[in-house]
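Protein sequences, first through last, are from chains A and B.
Residue numbers for the first sequence follow the numbering used here, so the first one is 255 and each next one is one higher.
Residue numbers for the second sequence follow the numbering used here, so the first one is 324 and each next one is one higher.
For glycine and all other residues, C-beta sits at the position ideal for the given N, C-alpha and C.
Given the structure is predicted, the values throughout are model-derived calculations rather than measurements.
Taking it in order: structure first as C-alpha cells, then the write-up.
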Amino acid sequence: MLVAGIDIGSLSAKAVLMDGEELLGGKVIYTGPDPVESAEQVLRQVLAPQHLRREDIRYIVATGYGRVNVPFAQSTVTEISCHARGNHYHFPGVRTILDMGGQDCKAIRSDENGRLTNFVMNDKCAAGTGRHLERVASTLGLKLDEIGDLSLSYTGEPCLISSTCAVFAQTSIVGFLRAGYPINNILAGAIDAVVDRVLALMDAVGVEEELCISGGVAKNSGVVRRVEERLGMKARIAPEPQIVGAIGAALFARDRARR
Amino acid sequence: MGLNQEMETRLQTLIRSNQPENRMKWLKEWKAQGKKVIGLMDIYVPEEVISAAGILPWRITGSWDDSDPHAALYRPEMSCRYCSHVLESVLSGTLDQLDGFVCIPVDDDFKRLWDVLHYLKKPPMTYIMYLPHSYSELTLGMWNKSILELKQVLEDWTGKTISDDALSEQIAIYNRMRGLLRQVYELRKRPVPALTGAEALGLVTAARIMPREEFSNELEALLPYLRERRGTFRDSSCRVLVCSEYLDNPAYVQLVEDCGAAVVMDEFDTGSKYFWGQVEVGSQNPWEALGKRYMDRPGTSRMENWTEQIGQIRDWVKEYNVRGIVELRQLYSLPLAYRFLIMKKELAAANIPYVSLDREYHLAQTGMLSTRVEAFLEMIKGG
C-alpha cells in the first residue's frame, strides 16, 4: 500500500513515499512563495523516479506549518507528532528529540511507540533556527554547510554573542568582524548562543536517552557536537534528517489508510 | 421563521453582545436615560454596590486592534497586554462616555494603568479599592471595610445614599443572573454540550455590559431552547478545559475548538469565575454577605490560594469529564505566570494532561498557537 507524507516547512518542502515499512524515496526542495505549488512540485519530484502518479497513492498526510495548504492531502498531523513518529521509525529507542527547523525549534519527548508525550516549541525569535544560521553564514560571507565545521576549529575563546535575540546576535557579529576577531571564533560564539537556547528548551521537557536531532540544522556539525557535549550523550541522526517529519506523516498516512 | 430559528437568532444576538460593533449599545442607552456608567476591569469590584447606586457597572474590553500606538507612549511593551489595550481604548476616545473607573490593584501593572488613566483623562470619578491577597477572618474584615469605603465614595459622588434595601434588591438581581449562568454551564456537562466554549464566553461577557436584569430576562427566555440545543463541534469527544485571565475575545476559544477540541469548561475571570458562588442572603448584614461571596468564590491567580484554585480545576475536570487542560496565558500577566509552576506540578501528579501557551491580548500568532494546541490534542488522543 503506497502512502505519502508531505512536510511544508518555512524554508523547505519535503515529501516521502512509503510502501508498508519501506521508504521508497524522499525529496527536499526550497519552499516557494506558494505552498500549494511547493507541495505539488515536491510530490511530483518524489513520484517521478518511481514512475508513479499521485493517483497511485492510497493516502497522503500533510504536516509542517503549511500543512493546511496541501489540497490533495486527506488529513493533517502536526510536525511535532510527525517528528516523534519519524525519529522512532529510524531509532525505536528514541525518547528525546530536538527538531531544529527553518523558523522554529522543538524539544519533543516520545514513548516506546513513537507517540508524543510532551513538547516545547520556541518560535518567538529566530535565534536557534535554521533561518538564523543562514543569516550568520551570509553575514560572514560563508556557505551554510561550511559554518558547522569552521565553528569547531578555533583557537582561544569563542566571541560572546547574545542568545536572546537574532537581531542582537547579528549586530554582535558585525561588531566582532569590525573589531578584527577571527571568523572561526565569531562562528563558535554564534553557535554557542544557538545551543544555549535549544538546551533551555530541552531542559523544559527533560532529557532522556536516546536523543535524536532532526531537521535541517541536524546537518550542522557545530550545533550537533555542542549539544552532545553539553548533554553528555550521543545524538542519533537519521540518514536524511530533513525528511524525518515527512516520514512521520507517511507513517500516520499508513495507519489512517488501514482504518 | 420557525420558533427554533427565532430562538437561535436571539441566542446569537446575545452571544455577540460584546463584539466591538455591539458592545457600546447598553452603555449609550443607559446614558441616554441620564444615568451614569462606570468601567470595571476585574471581577473583584462588587458590582451590586455600583448597581445599587443606580450606575451601570460595565466591564471594559480593551481594543482588539493589532497595535496600541497611543498606549505604547505610556506603557512598556513587556507589560500586561490587557492593560495596554484598555489604555489604548481610553486614549483613542472609544470610552469617552464612561463616567468613571473603579478597579482593584491586581498587580503593579494595574496600579500604573490606574495612575495613567487618572492623570491623562481626569474622568469625573476614579477609585481604586483595597483587596487582600489572601483570605482569612482578618483580611475579610479589611475587605468588608473596603466595600463600605466604595459605598461612601459612590454616595459622595452621586449625592445619594445607598440603602441596605437597595443593596439587597441588587443582590437578588445578581443572584438570579448568576444562577441562570450556572444553569447554562450545567448544560456543558452533557456528552454534546449545549453550546461551544466560544459561545459560553460570549454569553458571560454579554452579562457584564448589559443591565443585569435585562440580560437575565433574555437568558431565562432562551433556557428552554438551550436545554434542547446541541453545540456545533468538530469533535465533541476531546473535552478540554481552558484556563486564562483577561481573555474576552471568543476567537481564542474558537481557535482551540477549530483544532478539534470541545471546550466544555473554562477557568476564566471573564467566564465561570465571574458568576460562580452566590451571595448568601439570610440574617446576615447584606454588606458582609456580599463581601464574603467575593472572597468565597474561586479566586483569580492574583489571590495566592493557588492550591485551592488548582483543587477547583481538578473538581471541574471530574465534573465536566475533561481530558486535558489548555492554558492560554496572556503575555506579561504575572500572577498566572507565578501560578504556572505549582499548577504544572500538581496537574502532573494528578495525571491530568496540561499545556500552557503564551498569547497576546488581541488575536495574534494564530498559526503558532494552532500548531501547539493541535499537538497537545494529538498527545491526549494518543496519536
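Verify the CB distance criterion: does A/I334 have a CB-CB separation below 9 Å to chain E? Looking for chain E here will not work: the only protein chains present are A and B.
In the DSSP output, which residue or residues are listed as bridge partners for A/R363? Locating residue 363 of chain A in the first sequence gives position 109, counting from the first residue. Bridge partners of A/R363: A/T350, A/N372.
I want to verify the contact list: residues of chain A whose CB lies under 7 Å from the CB of B/A698, in sequence order. Here residue 698 of chain B corresponds to residue number 375 of the second sequence, with the count starting at 1. The answer, in chain order, is T332, I334, S335, L370, F373.
Three-state class that DSSP yields for B/R531 in the structure shown: Sequence index remark: in the second sequence, residue 531 of chain B carries index 208 (1-based). Three-state result, B/R531: coil.
Contacts around B/A584, its chain only, beta-carbon distance under 6 Å, and the 5 residues preceding and following it disregarded: To locate residue 584 of chain B, count along the second sequence from 1; it is residue 261. If we look at B/A584 and ignore the five residues flanking it on each side, its Cβ neighbours are C561, V563, L700.
Could you check the C-alpha separation between B/R501 and A/I427 for me, to the nearest Å? Mapped onto the second sequence, residue 501 of chain B falls at position 178. Mapped onto the first sequence, residue 427 of chain A falls at position 173. Going by the C-alpha atoms only, they are around 59 Å apart.
With distances taken from CA atoms, which of A/A391, A/F373, A/G259, A/L277 is nearest A/V331? If you number the first sequence from 1, residue 331 of chain A lands on position 77. Closest option to A/V331, Cα to Cα, is A/G259.
B/V576 versus A/S329 - alpha carbon distance: On the second sequence, position 253 is the one that residue 576 of chain B refers to. On the first sequence, position 75 is the one that residue 329 of chain A refers to. One C-alpha to the other measures close to 23 Å.
Identified DSSP bridge partners for A/I262: On the first sequence, residue 262 of chain A is found 8 positions in, with the first residue counted as 1. Bridge partners of A/I262: A/A267.
Our contact map puts B/Q635 next to B/R616 with C-beta atoms below 8 Å; I'd like the distance itself, whole angstroms only. Within the second sequence, the letter at position 312 stands for residue 635 of chain B. Within the second sequence, the letter at position 293 stands for residue 616 of chain B. With 8 Å as the limit, B/Q635 and B/R616 do not qualify as a contact, their Cβ atoms being about 15 Å apart.
Helix or strand or just coil, what does DSSP make of B/E568? Taking the first residue of the second sequence as position 1, residue 568 of chain B is located at position 245. Coil.
In chain A, what lies closer than 9 Å to B/G423 by C-beta? Against the second sequence, residue 423 of chain B aligns to sequence position 100. Correct list: empty, because the minimum Cβ distance to chain A is about 38 Å.
Beta-carbon neighbours of B/M702, restricted to chain A and to distances below 7 Å: The residue labelled residue 702 of chain B in the question sits at position 379 within the second sequence. Within 7 Å Cβ-Cβ: L370, T371.
Is it true that the CB of B/P369 sits closer than 9 Å to the CB of B/L473? Taking the second sequence and counting its residues from 1, the one referred to as residue 473 of chain B is at position 150. Taking the second sequence and counting its residues from 1, the one referred to as residue 369 of chain B is at position 46. The answer is yes: Cβ separation under 9 Å.
If we cut at 9 Å on Cβ distances, does B/R695 have a partner in chain A? In the second sequence, the residue the question calls residue 695 of chain B occupies position 372. It does; some Cβ of chain A falls within 9 Å.
Minimum C-alpha distance to A/D457 - residue among A/S405, A/S416, A/I351: Within the first sequence, numbered from 1, the residue matching residue 457 of chain A stands at position 203. Measuring from the Cα of A/D457, the nearest candidate turns out to be A/I351.
Per-residue contacts from A/Y319 into chain B (C-beta, under 8 Å): Here residue 319 of chain A refers to the residue found at position 65 of the first sequence. The answer, in chain order, is G690, T694.
Limits of the unbroken beta strand (DSSP E) element including B/W466: The residue you call residue 466 of chain B lines up with position 143 of the second sequence. Counting along the chain, B/W466 falls outside any beta strand (DSSP E), though it belongs to the alpha helix (DSSP H) covering 460-481.
Name the DSSP bridge partner or partners of B/Y450? Walking along the second sequence from the start, residue 450 of chain B turns up at place 127. Answer is B/V425.
Measuring alpha carbon to alpha carbon, tell me which residue in B/S679, B/R339, B/Q607 is nearest B/I494. Locating residue 494 of chain B in the second sequence gives position 171, where the first residue counts as 1. The residue with the shortest Cα to Cα distance from B/I494 is B/Q607.
Give me the Cα-Cα distance between B/A375 and B/A489, rounded to the nearest whole angstrom. The residue given as residue 375 of chain B occupies position 52 in the second sequence. The residue given as residue 489 of chain B occupies position 166 in the second sequence. Rounded to the nearest angstrom, the two C-alpha atoms are 5 Å apart.
DSSP three-state label for A/S329, please. As a first step, residue 329 of chain A must be located in the first sequence, where it is residue number 75. It is a strand residue.
Using 8 Å as the threshold, is the segment 386-393 of chain B in touch with the segment 353-367 of chain B, meaning 3 or more CB pairs across them? no
Could you tell me whether the segment 468-475 of chain A touches the segment 299-306 of chain A, using the rule of 3 or more Cβ pairs below 8 Å? no
Helix, strand or coil: which one does DSSP assign to A/C336? For the purposes of this step, residue 336 of chain A is identified with residue 82 of the first sequence, where counting begins at 1. Of the three classes helix, strand and coil, the one that applies to A/C336 here is helix, per DSSP.
DSSP-derived helix/strand/coil call for A/F430: What you label residue 430 of chain A is simply residue 176 of the first sequence in a count that begins at 1. Of the three classes helix, strand and coil, the one that applies to A/F430 here is helix, per DSSP.
According to the neighbour-count rule (16 or more other Cβ atoms, all chains shown, within 10 Å of its Cβ), is A/Y284 buried or exposed? Position 30 of the first sequence holds residue 284 of chain A. That one is exposed.
What does B/G705 reach in chain A if we use C-beta pairs closer than 8 Å? On the second sequence, residue 705 of chain B is found 382 positions in, with the first residue counted as 1. Within 8 Å Cβ-Cβ: R369.
Under 9 Å, do A/L485 and A/L465 count as touching if we go by C-beta distance? Stepping through the first sequence from its first residue, residue 485 of chain A is reached at position 231. Stepping through the first sequence from its first residue, residue 465 of chain A is reached at position 211. Yes.
Out of B/V372, B/L421, B/A395, B/A355, point me to the one whose CA is closest to B/W381's CA. Position 58 of the second sequence holds residue 381 of chain B. Out of B/V372, B/L421, B/A395, B/A355, B/L421 has the C-alpha closest to the C-alpha of B/W381.
For the alpha helix (DSSP H) containing B/Y655, list its first residue and its last residue. By one-based count along the second sequence, residue 655 of chain B stands at place 332. Per DSSP, B/Y655 belongs to no alpha helix (DSSP H) and is neither H nor E.
Taking 9 Å as the CB-CB cut-off, is A/D353 touching chain B? Within the first sequence, numbered from 1, the residue matching residue 353 of chain A stands at position 99. Chain B, which has no Cβ nearer than 9 Å to the Cβ of A/D353, makes this no.
Could you name the residues that DSSP lists as bridge partners for A/L489? Against the first sequence, residue 489 of chain A aligns to sequence position 235. With the sequence shown as reference, residue 489 of chain A is identified as Ala, and Leu is not the correct amino acid for it. In DSSP, A/A489 forms a bridge with A/L465.
Assuming B/L510 is part of the alpha helix (DSSP H), what are its boundary residues? On the second sequence, position 187 is the one that residue 510 of chain B refers to. From DSSP, B/L510 is part of no alpha helix (DSSP H); its letter is neither H nor E.
Reference B/E537, options B/F556, B/A698, B/L503, closest by Cα: Counting from 1 along the second sequence, the entry for residue 537 of chain B is found at position 214. Checked all of B/F556, B/A698, B/L503; the closest Cα to B/E537 is B/L503.
What is the DSSP secondary structure of A/Y343, reduced to helix, strand or coil? Here the question's residue 343 of chain A lines up with position 89 in the first sequence. Note: A/Y343 maps to helix in three-state DSSP.
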